[in-house]
Each structure stands twice: as C-alpha cells, then as structure tokens.
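Structure first, then comments.
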Amino acid sequence: MIGKLIVFEGVEGSGKTTQMQMLAQWLQTLGISFLLTREPGGTHLGQNLRKLLLETSYHQPLDEMAELLLYTADRSQHVSSIIKPNLATGKYILCDRYTNSTVAYQGYGRGLNMNIIDQLNQIATGGLESDLTIWLDIDVEIGLSRKRGQAELDRMEQETIEFHHRVQKGYNEIAKNHPSKMIRVDGNGERELVQENIRKIIIDNLFVKSLVNTTA
Numbered sequence: 008m009i010g011k012l013i014v015f016e017g018v019e020g021s022g023k024t025t026q027m028q029m030l031a032q033w034l035q036t037l038g039i040s041f042l043l044t045r046e047p048g049g050t051h052l053g054q055n056l057r058k059l060l061l062e063t064s065y066h067q068p069l070d071e072m073a074e075l076l077l078y079t080a081d082r083s084q085h086v087s088s089i090i091k092p093n094l095a096t097g098k099y100i101l102c103d104r105y106t107n108s109t110v111a112y113q114g115y116g117r118g119l120n121m122n123i124i125d126q127l128n129q130i131a132t133g134g135l136e137s138d139l140t141i142w143l144d145i146d147v148e149i150g151l152s153r154k155r156g157q158a159e160l161d162r163m164e165q166e167t168i169e170f171h172h173r174v175q176k177g178y179n180e181i182a183k184n185h186p187s188k189m190i191r192v193d194g195n196g197e198r199e200l201v202q203e204n205i206r207k208i209i210i211d212n213l214f215v216k217s218l219v220n221t222t223a
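To get this note's numbering, take the position in the sequence shown, counting from 1, and add 7.
Okay, here's the thing in structure tokens:
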C-alpha cells in the first residue's frame, strides 16, 4: 500500500499549521494513518538547518544562493529519511511546504534562476511529487498581521512587503500554470469553512469517499 503526500503552501500567516492539524484530526476519525511534518525542520538535520535559515541572531547576512542550497539540502534529507519511508507504509503525509515554496520564495521572491531551482528540486526529491498540493491563498497584509500578533518574527517574516507580494505572485503563477497540481483554497474566511473546503478537495481527489461514507 502506497500512502499520499499532501502539501500545504502559502505566504506567511496563511493558516497552514492550523489547517493541517484540523485535517489530521479528521483523518484520524476515518482510520487513516498520517504523519505531520514540515520543511525546513522535518528531520534532526533539518531542525538545525531551520535555525540557520530562519533565526535572526546571525550578524552576517545569508547569501541568497546559500539559502537556496540549505533549503534543498533539508528537502533531500527529508524526502529520503521521512517522506519516502512513510509513504511506503501507506501513511498520509501532511507536509508544511515543499518544492513550490522554493519556487515562490527563492524564485519569485529572491529572483534566483528558475532552471537552477528546478534542477535542485529534482535532485533533492528524486522526482517525488505531491499527490495533492493545497494553496491557502490569503492577503499578504492579513497574513503578516497575524504573525506580528503572535510572536517574534523570523528572518523570512521580516522581509519587505514587496518581497512577500512577489512570493504571492509566484503562488498565483504556479497555480495558473499547474492547476491540476496545486489547488487554491481561499484562506481569508473562518477556519472551519476553510477546513470544510479542504476536506472536500481531499475527498474529490484522493479517493477517500468510501471511507467517509462508511464512517458517516
């Protein structure tokens, strides 16, 4: 039995963590085995890379290409040691960010070469694509205001508003060019309504309808 890789994407403060947790609770009621993970930081190595990438205490600015390589190093370790082994056991993996984040943030946000990004993503994943990617589309300003109301901002959250708008444009372009690979969900509404829409997408795309009917 092969599991499913479900990825959540979006700008800062889009509600990915909340929606992933709500979806995990629903999958549990259906008797579906699942794993919650994230990029960067889904492995022991990744936790250390996450600190390097997101902490703001370092005095020397992080080179943009070095940033890209660190993200893809985290992904390579994550795919080989966490994602692939758990897919092989039949688990549904709910992953906070994957390859599209690199395209949106380092490609559109930083302006790095897309061909290099595509090649590095291919190397890091070994060609493993998500079964479903959910893009929580939210206004950039609303997302950042959520973050500012929670805690100290990390290095990425402290970027300029122009940077975050470029990232949002990246997600728009990805969704427009690959509508079957990334499905947009309006993330501006009440979280219960957002979750309802996500569950409908899961039912329509990942063949869990029979399980839903059985447990209804």
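Think of the CB as a built atom: it goes at the ideal place given N, C-alpha and C, for glycine as much as any other residue. Note that the structure is predicted; figures quoted are calculated from it, not measured.
Are the CB atoms of residue i and residue j nearer to each other than 7 Å?
i: Asn128; j: Thr106; result: yes
i: Gly134; j: Ile89; result: no
i: Gly20; j: Arg153; result: yes
i: Lys100; j: Leu42; result: Checking the sequence, you will find Ile at residue 100 rather than Lys. Going by C-beta atoms, Ile100 is nearer than 7 Å to Leu42.
i: Asp125; j: Leu12; result: no
i: Ala111; j: Gly17; result: no
i: Gly116; j: Phe170; result: yes
i: Ile208; j: Ile181; result: no
i: Val14; j: Cys102; result: yes
i: Lys98; j: Gly22; result: no
i: Val192; j: Ile130; result: no
i: Arg198; j: Thr25; result: yes
i: Ile145; j: Gly194; result: yes
When DSSP labels each residue in this structure, what does residue i get in the three-state scheme?
i: Asp103; result: strand
i: Asp211; result: helix
i: Glu199; result: helix
i: Lys11; result: strand
i: Arg173; result: helix
i: Leu151; result: helix
i: Thr50; result: coil
i: Ala80; result: helix
i: Arg162; result: coil
i: Arg117; result: coil
i: Thr221; result: Low confidence applies to Thr221: its pLDDT is 47, below 50, so where it sits in the model is not reliable enough to give any reading.
i: Thr44; result: strand
i: Glu62; result: coil
i: Glu19; result: coil
i: Pro68; result: coil
Classify residue i as buried or exposed, calling it buried when 16 or more other Cβ atoms lie within 10 Å of its own Cβ.
i: Pro47; result: buried
i: Ile205; result: buried
i: His85; result: buried
i: Ser83; result: buried
i: Gln67; result: exposed
i: Leu94; result: buried
i: Gln35; result: exposed
i: Asp211; result: exposed
i: Gly53; result: buried
Chain D beta carbons: is any one of them nearer than 7 Å to that of residue i?
i: Asn122; result: In the structure shown, chain D cannot be found, because there is only a single protein chain.
Based on the DSSP output, what are the partners of residue i in its beta bridges?
i: Met189; result: Thr140
| message | With three or more C-beta pairs closer than 8 Å as the rule, is the segment 53-70 touching the segment 25-34? | response | no
| said: Contact between the segment 77-93 and the segment 139-153 is defined here as three or more beta-carbon pairs at a separation below 8 Å; is this criterion met? | reply: no
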